[in-house]
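Visitor:
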DNA sequence: GAGTGGTCTAGACCACATC
DNA sequence: ATGTGGTCTAGACCACTCT
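Chains as they are written, first to last, in this note's numbering: chain A, 688 to 928; chain B, 688 to 928.
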């Protein structure tokens with residue numbers, strides 16, 4: 688998977704940018720680069736296109752391709768830097784260990800919302816899973832997830848105490864690569880205050896998401912209530928449509 | 688701009704999907720489609736790629752291209768549907784009029800953060816602009832923005848009471864198409880409570896953004912404090928890298 | 001084996017920026 | 001006039017799915 692031409696070149700250029708191996712902020716032109724890498728200009732364009740989509744470079748017709756100075760100065764700000772969609776990963780903090788407490792785990796019938804969101808029929812059943820996530824001893828997230836049993840028939844509490852997405856990727860060879868997220872804000876409920884150790888005036892961030900497998904199959908509907916101090920969502924928006 | 692082959696086809700297929708003109712959830716294969724539209728397969732792929740990036744279809748190697756059922760069922764949920772990056776547009780609600788109250792408007796020197804974010808030097812000056820946005824008579828957003836004067840030397844209060852992005856696009860021919868956003872949550876401050884008509888226990892959502900022009904020039908740094916009931920951010924995430 | 005999407009090439013021509 | 005990125009083509013071959 689990693690030996691594709693445009694991927695390889697993209698990573699190579701990214702590394703060169705980070706290591707400041709280009710003179711100034713402008714990259715060589717596409718024709719020279721394709722000569723240098725010994726590939727067609729189309730493949731070269733594709734590699735540069737990926738970099739542009741990630742906000743690492745800006746392309747300007749007639750002028751050239753330029754490194755985004757903010758990428759060099761503030762790389763951590765950028766989305767998905769070395770992460771995947773797994774919550775376990777995206778909330779990880781260096782030096783802190785993440786723990787999971789299983790609050791609830793059962794199989795229920797689908798209601799109308801679930802049927803729509805997970806593309807199911809009335810005869811399908813889903814797991815309902817509630818988990819409390821902690822960094823060291825600080826709880827920061829209450830997660831309620833719904834997963835069709837037919838997608839992961841052998842799910843069990845041991846898996847749920849670790850990373851669900853890791854289990855899927857490594858044991859079932861299913862990758863979760865797409866999601867719809869809706870982010871909102873609410874005052875904390877009593878349960879939030881108790882479980883997340885919040886004061887009554889302190890709020891929660893709410894992330895509702897539908898996660899998809901590679902092939903477009905909806906895999907999980909999830910509602911996450913996040914301690915406001917741990918709530919941070921970064922997004923790079925590109926509207927060149 | 689709208690007469691590009693892949694754009695035109697993309698919009699045509701999008702419309703056919705919305706109008707349910709395809710049998711079932713699967714599109715015809717790429718080769719048939721390129722035959723039908725009388726274009727090369729590459730152009731066809733490009734059109735379909737755009738649809739996939741927006742989450743409208745899913746492509747599955749070996750099987751075909753499928754309409755995302757959730758797109759049909761819940762189109763409003765999707766990002767950028769007929770919008771641009773302008774806040775004026777993304778917060779618009781049918782049937783409600785948007786108003787802007789100018790709270791503060793001055794020119795200041797750059798501090799270190801601004802210099803970094805807007806890629807300026809110490810000799811540059813910026814506008815500091817604070818605006819309160821309302822839907823009908825309900826205030827929902829306090830916005831503090833910083834803009835280098837050299838990018839928009841003739842800015843004035845009249846423009847600021849309307850849409851800044853519209854002014855840029857139509858009067859200055861500068862389009863804002865990229866941004867970095869960071870979304871967090873906080874309890875409301877006293878000022879929030881007064882200006883946004885919030886109870887003391889009610890929170891705000893915070894959107895901090897850096898907006899870029901087409902060529903990568905950082906154009907504005909903005910901090911938006913949003914009434915929690917009006918705070919909703921949708922995001923389609925695709926990790927096929 | 002047949003069908004479908006993915007990758008890659010080589011080259012023509014266009015549109016914009018700069019000098 | 002030259003250099004740069006953008007669009008589009010025609011076609012070869014690969015990788016995966018389904019039957």
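Where is the CB? At the ideal position from N, CA and C, for every residue including glycine. It should be emphasised that the depicted structure is a prediction, and the values quoted were computed from it without experimental measurement.
(1) Go to residue 725 (chain A), then tell me how far its alpha helix (DSSP H) extends in each direction, as first and last residue.
(2) Taking the Cβ atom as the reference point for each residue, do residue 872 (chain A) and residue 890 (chain B) lie within a distance shorter than 8 Å?
(3) Could you name the residues of the segment 886 to 911 of chain B whose beta carbon sits closer than 8 Å to any beta carbon of chain A, in the order they occur along the chain?
(4) Just to confirm the assignment, what range does the alpha helix (DSSP H) spanning residue 697 (chain A) have?
(5) Figure out for me which residue from A:812, A:909 and A:925 has the closest Cα to the Cα of residue 865 (chain B).
(6) Let me know if residue 738 (chain A) comes out buried or exposed under the rule of 16 or more other beta-carbons within 10 Å of its beta-carbon.
(7) List, in chain order, every chain B residue whose beta-carbon is nearer than 7 Å to that of residue 871 (chain A).
(8) Within this structure, are the beta carbons of residue 870 (chain A) and residue 917 (chain A) separated by less than 8 Å?
(9) For chain A, find out if any of its Cβ atoms is closer than 8 Å to the Cβ of residue 922 (chain B); answer yes or no.
(10) Going along chain B in order, which residues have a C-beta closer than 7 Å to the C-beta of residue 747 (chain A)?
(11) Which word fits residue 758 (chain B), buried or exposed, when buried means at least 16 other C-beta atoms lie within 10 angstroms of its C-beta?
(12) Among B:755, B:727, B:730 and B:788, which has the Cα closest to the Cα of residue 701 (chain B)?
(13) Any Cβ of chain A within less than 8 Å of the Cβ of residue 803 (chain B)?
(14) Given that a residue counts as buried once 16 or more other Cβ atoms are within 10 Å of its Cβ, and exposed if not, what is residue 915 (chain B)?
(15) Closer than 8 Å, CB to CB, is residue 767 (chain B) near chain A or not?
(16) Near residue 817 (chain B), what residues of its chain come up, given a Cβ to Cβ distance below 6 Å and the 5 sequence neighbours on each side ignored?
(17) Whose CA, out of B:760, B:720, B:804 and B:800, lies closest to the CA of residue 801 (chain A)?
(18) Give the DSSP-derived three-state secondary structure of residue 758 (chain B) in the structure shown.
(19) Candidates A:786, A:835 and A:711: which alpha carbon is nearest residue 795 (chain A)'s?
(20) Is there a C-beta anywhere in chain A that falls below 8 Å from the one on residue 715 (chain B)?
Guide: With the given structure in hand:
(1) Note, residue 725 (chain A): premise wrong, no alpha helix (DSSP H); not H, not E.
(2) yes
(3) 887, 888, 889, 890, 891, 892, 897, 899, 901, 902, 903 and 905
(4) 692 to 705
(5) A:925
(6) buried
(7) Here the neighbours are 918 and 919.
(8) no
(9) yes
(10) Those within 7 Å of residue 747 (chain A) in chain B are 902.
(11) buried
(12) For the residues B:755, B:727, B:730 and B:788, the minimum Cα distance to residue 701 (chain B) belongs to B:755.
(13) Taking Cβ atoms only, chain A reaches closer than 8 Å to residue 803 (chain B), which makes this a yes.
(14) buried
(15) Reliability fails at residue 767 (chain B), whose pLDDT of 44 lies under 50, so the model's placement of it is uncertain and the value that follows must be treated cautiously. By this cut-off, residue 767 (chain B) is an interface position.
(16) So the qualifying residues of the chain are 790, 791 and 831.
(17) Nearest C-alpha to residue 801 (chain A) among B:760, B:720, B:804 and B:800: B:760.
(18) helix
(19) A:835
(20) no
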